[in-house]
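Below: one structure, written as structure tokens.
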Amino acid sequence: MVGEPTRHRVSALINCGVIALGDGYRAKNSELGDKGLPFARAGNIDGQLLFDGADLIDVDTINVPAEKLSRPNDTVFTSKGTVGRFARVKTDTPQFVYSPQLCYWRSLNQEKIDAGYLYYWLTGPEFYSQYKGVSGQTDMAEYVSLGDQRAMSITLPDIERQRSIATLLGSLDDKIELNRRMAATLEEMARALFKSWFVDFDPVRAKAEGRDPGLPAATAALFPDRFGDDGLPVEWSEKSLLDQATWVNGAAYKDMHFSDAPDALPVVKIAELKNGLSEGTKWTNTDLGDRYRIRDGEMLFSWSGSPDTSIDTFLWVHGDAWLNQHVFVVRPNGEASEAHLFAMLKFLKPTLIEIARDKQTTGLGHVTRQDMIRLKVCVAQPNVRAAFDNIAEPLFDRLKLVLRENARLAVTRDTLLPKLISGELRIKDMGKDVEAA
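Take any residue in the sequence shown, count from 1 to its spot, add 53: that is its number in the working numbering.
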């Protein structure tokens, strides 16, 4: 494998012992419990492996075949139902059991196929076009069988270029991961401040008990020092969540609306909220109303879908777009600032998930406007809300900057990938571009 990249049938590479493909273990409900290795499903895969709340399976007492267990450097691919999510098993990832919703690609010979390169190839356009071509062949949910995958072809540069590609793109992903952690920290700081002031009433409680609230004197003076008969700080009130903003549900875009016209904009569905723009994003130049056009930086609330993976609040940082149904754009109406709304919705996420779960049918749940009327939030005096904004808005603005940088880094990575694989671009030419990114 020297010189120009060459294409290889996946089945031939399997027969030569270069790579392995496998799928998951069909566990019985009785085999799942609270002890053992995580049983990974599609919901645990979202660019990374997330095992919070995962069922466990005790491989010491249950005979799970070794080929159904993860190994470091596997690339995980969701091949059934929600097709097209990926994650790489890192050296510090806890071992887990694959479920039938997942399959894995595994390099067995790192001198022939670099595991990092294999991951990036799988997330790129060449594999995408092949699996999309077979995933909808049945009337059932999307599915890409192991047989389908074995019949595919993979482009392989020489091993040194594979390693260089993986290193270069990995450096971009490292930056993205650092930013992701920073974003999570900023989000948690805003959420914790909201909870302290408007849920636990920490400053009010401290003053009522004669303790120092731990705030600057001018800020502490804004808080009352006692509670009313309703259990709220005096002069504070409760209002419905729905009243706190203007909630615009997206339009019902259909196949006839999609277009690749020069003036087309992306149609934002739940997949775009989670993963940004991708090969699977639909585009349209059909204007179904300006209220459905979202601007860069606007806040979106996904109110329908799988409760644990879809009910959430997002900041859109990928430019102007059109909003699809099942997602609200959340616009301030004078009741609360964007920073306040974001912190509030992030705090309410567990509650909103449970509301959606109570209405769950066929795996999907939803939060209705009536639910948002019934859900009450505490509303403080304007001067207290302004003091909150003075702290939260810099966090919110920094969060937007971090998310925008990640969007730009992801575009850079995804643009470079096919060009590097094909040889159109050489690694030695990319140093300055990556440094600039």
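Yeah, the Cβ is synthetic: ideal placement off N, Cα and C, and Gly gets one too.
Enclosing alpha helix (DSSP H) for Gly-186 [first to last residue]: Segment 178-188, the alpha helix (DSSP H) holding Gly-186.
Kindly give me the distance between the Cβ atoms of Gly-89 and Leu-103, rounded to whole angstroms, as I take these residues to be in contact under 8 Å. Rounded, the Cβ-Cβ distance is 18 Å, inconsistent with contact.
What is the rounded straight-line gap between the Cα of Val-55 and the Cα of Arg-214? Confidence at Val-55 is low in this model, with a pLDDT of 49, below 50, so the placement of that residue is unreliable and no value is reported for it.
Rounding to the nearest angstrom, what Cα-Cα distance links Lys-327 and Arg-466 in this structure? 17 Å
How long is the line joining the alpha carbons of Ala-119 and Tyr-78, rounded to whole angstroms? 10 Å
Considering just the uninterrupted stretch of the beta strand (DSSP E) at Leu-171, what are its terminal residues? From DSSP, Leu-171 is part of no beta strand (DSSP E) but of the alpha helix (DSSP H) over 168-175.
Just checking, does the segment 419-429 make contact with the segment 289-308 on the three C-beta pairs under 8 Å criterion? yes
Excluding five sequence neighbours on each side, which residues of the same chain lie with their C-beta closer than 6 Å to the C-beta of Thr-339? His-310
Using only the alpha-carbon positions, how far apart do Asp-76 and Ala-204 sit? Distance between the alpha carbons of Asp-76 and Ala-204 is about 16 Å.
Return the CA-CA distance between Leu-74 and Gln-378, expressed in angstroms with no decimal places. 37 Å
Can you tell me which residues form a DSSP beta bridge with His-419? Ser-357
Quick check on Ser-83: buried or exposed, where buried means 16 or more other Cβ atoms within 10 Å of its Cβ? With fewer than 16 other Cβ atoms within 10 Å, it is exposed.
DSSP three-state call for Leu-102: helix, strand or coil? strand
Helix, strand or coil at Lys-481 [DSSP, three-state]: helix
Please determine, among Glu-477, Leu-470, Arg-479, the residue with the shortest C-alpha to C-alpha distance to Glu-179. Leu-470
Residue range of the beta strand (DSSP E) that includes Glu-241: Here Glu-241 belongs to no beta strand (DSSP E); instead the alpha helix (DSSP H) covers 212-251.
Looking at Ile-444 and Ile-30, is the spacing between their C-beta atoms short of 8 Å? Given a span of 54 to 490 for the chain in the structure shown, any question on residue 30 remains unanswerable.
Only counting runs of 4 or more residues, tell me where the alpha helix (DSSP H) segments fall wholly within the segment 63-89, in order along the chain. 63-68
Do you know offhand how far Pro-147's Cα is from Gly-106's? 14 Å
Tell me where the alpha helix (DSSP H) around Glu-458 begins and ends. Its alpha helix (DSSP H) spans residues 435-475.
With a threshold of 8 Å between beta-carbons, can Ala-243 be considered close to chain C, or not? Judged by its chain identifiers, the structure shown contains no chain C, having just a single protein chain.
Look up Lys-429 in the DSSP assignment and give the residues it is bridged to. Ser-293
For Arg-410, does the count of other Cβ atoms within 10 angstroms reach 16, so buried, or fall short, so exposed? exposed
Pro-58, DSSP secondary structure in three states: coil
Let me know the secondary structure DSSP gives Asp-201 once reduced to three states. Asp-201 sits in a helix when the DSSP states are folded into three classes.
Does the beta-carbon distance from Gly-284 to Ser-359 come in below 8 Å? Not closer than 8 Å, so no.
The alpha helix (DSSP H) spanning Asp-411 covers which residue range? Looking at the DSSP string, the run of the alpha helix (DSSP H) that includes Asp-411 is 391-411.
Proximal residues to His-61 (C-beta, below 7 Å), its chain only, five neighbours per side dropped: Ser-206, Ile-207, Leu-209
With DSSP as the reference, label Arg-348 as helix, strand or coil. coil
For Asn-68, which residues from the same chain have a beta carbon less than 7 Å from its beta carbon, with the 5 sequence-adjacent residues on both sides left out? none
Through-space distance from Leu-376 to Asn-302, alpha-carbon basis: 8 Å
Straight-line Cα distance separating Gln-183 from Leu-231: 32 Å
Would you identify the three-state DSSP class for Leu-275, choosing helix, strand or coil? Secondary structure of Leu-275 (DSSP, three-state): coil.
What would DSSP say about Lys-327, mapped onto helix, strand or coil? helix
Could you work out which residue in Lys-399, Asp-424, Leu-454, Arg-422 is closest to Val-370 when comparing CA atoms only? Leu-454
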